[in-house]
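Number of protein chains: 2
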Amino acid sequence: VPAHLRKISESTVRRLSLYLRALEALAEEGERTASSEELARRVGTTAPQVRKDLSTFGSFGKRGLGYPIPPLVSRLRDILGLSRPWSVALIGAGRIGSALHAYPAFRERGFRIIRIFDDDPGKIGERWGETVIQDAADLEEEARRAEIEIAIVAVPAEAAQAVAERAARAGVRAILNFAPARLDLPAGVVVNDVNLAMELEALSYALGSDDSEGRAT
Amino acid sequence: VPAHLRKISESTVRRLSLYLRALEALAEEGERTASSEELARRVGTTAPQVRKDLSTFGSFGKRGLGYPIPPLVSRLRDILGLSRPWSVALIGAGRIGSALHAYPAFRERGFRIIRIFDDDPGKIGERWGETVIQDAADLEEEARRAEIEIAIVAVPAEAAQAVAERAARAGVRAILNFAPARLDLPAGVVVNDVNLAMELEALSYALGSDDSEGRAT
Numbered sequence: 026v027p028a029h030l031r032k033i034s035e036s037t038v039r040r041l042s043l044y045l046r047a048l049e050a051l052a053e054e055g056e057r058t059a060s061s062e063e064l065a066r067r068v069g070t071t072a073p074q075v076r077k078d079l080s081t082f083g084s085f086g087k088r089g090l091g092y093p094i095p096p097l098v099s100r101l102r103d104i105l106g107l108s109r110p111w112s113v114a115l116i117g118a119g120r121i122g123s124a125l126h127a128y129p130a131f132r133e134r135g136f137r138i139i140r141i142f143d144d145d146p147g148k149i150g151e152r153w154g155e156t157v158i159q160d161a162a163d164l165e166e167e168a169r170r171a172e173i174e175i176a177i178v179a180v181p182a183e184a185a186q187a188v189a190e191r192a193a194r195a196g197v198r199a200i201l202n203f204a205p206a207r208l209d210l211p212a213g214v215v216v217n218d219v220n221l222a223m224e225l226e227a228l229s230y231a232l233g234s235d236d237s238e239g240r241a242t
Numbered sequence: 026v027p028a029h030l031r032k033i034s035e036s037t038v039r040r041l042s043l044y045l046r047a048l049e050a051l052a053e054e055g056e057r058t059a060s061s062e063e064l065a066r067r068v069g070t071t072a073p074q075v076r077k078d079l080s081t082f083g084s085f086g087k088r089g090l091g092y093p094i095p096p097l098v099s100r101l102r103d104i105l106g107l108s109r110p111w112s113v114a115l116i117g118a119g120r121i122g123s124a125l126h127a128y129p130a131f132r133e134r135g136f137r138i139i140r141i142f143d144d145d146p147g148k149i150g151e152r153w154g155e156t157v158i159q160d161a162a163d164l165e166e167e168a169r170r171a172e173i174e175i176a177i178v179a180v181p182a183e184a185a186q187a188v189a190e191r192a193a194r195a196g197v198r199a200i201l202n203f204a205p206a207r208l209d210l211p212a213g214v215v216v217n218d219v220n221l222a223m224e225l226e227a228l229s230y231a232l233g234s235d236d237s238e239g240r241a242t
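Read top to bottom, the protein sequences are chains A and B. All residue numbers for the first sequence refer to the numbering used here, where the first residue is 26 and numbers rise by one. All residue numbers for the second sequence refer to the numbering used here, where the first residue is 26 and numbers rise by one.
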């Protein structure tokens, strides 16, 4: 198995996302190369960790010269699956759904929300940008027709498992789950849970404990 | 140092949050005790991991009897800092800010958003629930007066560092940062970054790689 196809850990994937952002910022500032020290500083890690993470993907950094930014950006975009657009459905057109739909970083990264579903008759037919909210009853048929690859689940907890199962049956392979419910789906469907209350709990834990300094993540 | 005050890892804190949710759900279902196997199943970990995590906080589980739910819920709430309310300010009253303000789980967990700030004259003075949006120019003074402990930063990237510094000067000790910018703050201020585009990138990475199954987190 080539090194770049070996499984890398979730925390490494997150650092790769951060390196990509740092490198893009450096490019915008006119830089052509980046040292592991500079990347470490911007991302909040150590230079040896940067070198270790990036060494997995080929011989980029030449000692003393730093990493050439444009090829490394393009390599990281490839690895993170950002070199092609993804077809995304938003399931749940409530407040969180609305905020996510308007989130510019999704579109910039190639995550195109091309279908929106809700079961509220007052919302079905409403236009959000270029998309008209569709009846959640048509989820399977419409998701299959649109070849949706990723679903964002932003429905109440009690509805989440059912809509996620229906999305999976329609061929969706990855789910970003904002509902405070654990989804039980067939192997082959990747789930990433975002629980905003838990993010605050990590802070209240840190504030309550003796050693409240540094980053919670 | 007593065991419960020792530093526990971020991933342990997240599992404690998940155990708490699972125990609350079991209590609602009428259960009085929970086995480590049942907790492991609901949280997506192993029974030995559950026993290890919970053993840190005293001798709860009696072999064969399972964990008694009410005292364990109350212990976990204490540990996570949820046994008292927190005074929270929302900085940035845009779409993400609006979704966060309406998020019921924050209030249920005792995170009370008692101040909202924005610099848009069209928004200042608007009422959201029981709170009137205030001018971000008054951030330091108002945050200090209201004894704000946690700030949620939901402003554009380029504004994030400045508002976070001002919040820290006003006595805020923890920041939940939704801006795609790394905040550089004095030691003693805990920062937790939530980057929604990175959550999708973890999925596109998984979809692009050979072993796209299981959970991304």
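Where is the CB? At the ideal position from N, CA and C, for every residue including glycine.
Which residues bound the beta strand (DSSP E) around R20 of chain B? Any question about residue 20 of chain B goes unanswered here, given that chain B covers just 26 to 242.
Going along the chain, which residues of its own chain have a beta-carbon closer than 6 Å to the beta-carbon of H29 of chain B, five neighbours each way excluded? As a first step, residue 29 of chain B must be located in the second sequence, where it is residue number 4. In this prediction, H29 of chain B scores a pLDDT of 44, lower than 50, which makes its location untrustworthy; no coordinate-derived value is stated.
Check whether chain B comes within 7 Å of R102 of chain A, counting only Cβ atoms and requiring the distance to be less than that. Residue numbering aside, residue 102 of chain A sits at position 77 when the first sequence is read from its first letter. Chain B, which has no Cβ nearer than 7 Å to the Cβ of R102 of chain A, makes this no.
Considering only the beta carbon of each residue, do K148 of chain A and A118 of chain A sit closer than 7 Å? Translated into positions along the first sequence, residue 148 of chain A becomes position 123. Translated into positions along the first sequence, residue 118 of chain A becomes position 93. Yes, the Cβ-Cβ distance between K148 of chain A and A118 of chain A is below 7 Å.
Since T71 of chain B is in the beta strand (DSSP E), which residue starts that stretch and which ends it? Within the second sequence, residue 71 of chain B is the residue found at index 46, counting from 1. Membership of T71 of chain B in any beta strand (DSSP E) is not indicated, and neither H nor E is assigned to it by DSSP.
Pair within 7 Å by beta-carbon distance, N217 of chain A and L201 of chain A: Sequence index remark: in the first sequence, residue 217 of chain A carries index 192 (1-based). Sequence index remark: in the first sequence, residue 201 of chain A carries index 176 (1-based). For the pair N217 of chain A and L201 of chain A, the CB atoms are nearer than the 7 Å cut-off.
Distance CB(I104 of chain B)-CB(A52 of chain B) smaller than 7 Å: Taking the first residue of the second sequence as position 1, residue 104 of chain B is located at position 79. Taking the first residue of the second sequence as position 1, residue 52 of chain B is located at position 27. The answer is no: Cβ separation not under 7 Å.
Which of the three DSSP states, helix, strand or coil, is assigned to P93 of chain A? Within the first sequence, the letter at position 68 stands for residue 93 of chain A. Three-state result, P93 of chain A: strand.
Assuming L208 of chain A and A189 of chain A make a contact with CB atoms under 8 Å, what is their CB distance in whole Å? In the first sequence, residue 208 of chain A corresponds to position 183, counting from 1. In the first sequence, residue 189 of chain A corresponds to position 164, counting from 1. So it is a contact: roughly 5 Å between Cβ atoms.
Enclosing alpha helix (DSSP H) for L41 of chain A [first to last residue]: For the purposes of this step, residue 41 of chain A is identified with residue 16 of the first sequence, where counting begins at 1. Counting along the chain, the alpha helix (DSSP H) containing L41 of chain A begins and ends at E35 to E53.
So what's A185 of chain A in DSSP terms, helix, strand or just coil? In the first sequence, counting from the first residue as 1, residue 185 of chain A sits at position 160. Looking at A185 of chain A - three-state DSSP - the assignment turns out to be helix.
Are the CB atoms of A204 of chain B and A182 of chain B within a distance shorter than 7 Å? Counting from one through the second sequence, the residue named residue 182 of chain B turns up at place 157. Counting from one through the second sequence, the residue named residue 204 of chain B turns up at place 179. Yes; because the gap between Cβ atoms is below 7 Å, this pair is in contact.
Using only CA atoms, which one of B:A199, B:A176 and B:Q74 lies nearest to D143 of chain B? Here residue 143 of chain B refers to the residue found at position 118 of the second sequence. Checking every option, the nearest Cα to that of D143 of chain B belongs to B:A176.
Taking the alpha helix (DSSP H) that L232 of chain B falls in, what are its first and last residues? As a working mapping, residue 232 of chain B is identified with position 207 in the second sequence. Looking at the DSSP string, the run of the alpha helix (DSSP H) that includes L232 of chain B is L221 to G233.
Less than 7 Å between CB atoms is the rule here; does V180 of chain A satisfy it with respect to chain B? Walking along the first sequence from the start, residue 180 of chain A turns up at place 155. Chain B, which has no Cβ nearer than 7 Å to the Cβ of V180 of chain A, makes this no.
Could you give the first and the last residue of the continuous alpha helix (DSSP H) run that contains I121 of chain B? Position 96 of the second sequence holds residue 121 of chain B. Per DSSP, I121 of chain B belongs to the alpha helix (DSSP H) from R120 to A127.
A176 of chain A: first and last residue of the uninterrupted beta strand (DSSP E) it sits in: Stepping through the first sequence from its first residue, residue 176 of chain A is reached at position 151. That run of the beta strand (DSSP E) goes I175 to V178.
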